[in-house]
Amino acid sequence: MTKATKILSIAVITGLLGAVTSERFVPVARADSLGSFCAAPANGQEHCVSSDRSPADAWNRAAAEGELPIAMWAKWPSGLTVDDIAKSPARLKAWLADTDKVLSYVRDTQRNAESYKASLVRVNAFLAEVKARQAAPRENP
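So, in structure tokens, the structure goes:
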């Protein structure tokens, strides 16, 4: 388990706790490259938009294609790894802010409990992936 992935896990859990208990979204400075807001209806494909747009854009695309619940999540910029995100405080803050913004949108704007649960399941799947990565034996170069 690398120090970077430990830091990321703690930051993600802390950020998600803030997203679950926060009443408002507080923007942070954006990293040099943006991630995406993604949404997928229960019976359809993933729709993503740049995180400089509204989560509603991804939600509306997914809603036009399929039925509720719609899961939403934030992706960091393609080409970056967990370690890349953990090593950059600006990128980590931007991704956590995006995650908070997406969850807040589903919880506070859409007010759909099934979609909120589906969104949390997506985020939990990401955390499980990070945990599995941390538990995997690392090769020494």
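For the sequence shown, position 41 (counting from the first letter as 1) is numbered 40 according to numbering that gives the first Met the number 0, and the numbering increases by one without interruption. Backbone N, C-alpha and C fix where the C-beta goes; we use that ideal spot for every residue, glycine too.
Run of the alpha helix (DSSP H) containing residue i, from where it starts to where it stops
i    : result
S77  : Taken as a continuous stretch (DSSP letters only), S77 belongs to no alpha helix (DSSP H), as it is neither H nor E.
P40  : Counting along the chain, P40 falls outside any alpha helix (DSSP H), though it belongs to the beta strand (DSSP E) covering S35 to P40.
V101 : P88 to S103
E64  : P54 to E64
Separation of residue j from residue i, as counted between CA atoms
i    : j    : result
A124 : D107 : 22 Å
D56  : S103 : 15 Å
M71  : A127 : 17 Å
L33  : L79  : 11 Å
E66  : P40  : 6 Å
A135 : A112 : 34 Å
E45  : I84  : 22 Å
Beta-carbon proximity of residue i to residue j, cut-off 8 Å
i    : j    : result
D82  : F36  : no
A131 : V101 : no
A142 : I69  : Since the displayed the chain opens at 0 and closes at 140, residue 142 lies outside it and no answer follows.
V120 : S114 : no
Residue i at chain C interface by Cβ criterion, 8 Å
i    : result
S114 : Given the protein chain composition of this structure (a single chain), no chain C is represented.
Residue range of the unbroken beta strand (DSSP E) whose run includes residue i
i   : result
S49 : H46 to S49
At least 3 beta-carbon pairs within less than 8 Å: the stretch 62-70 vs the stretch 80-91: no
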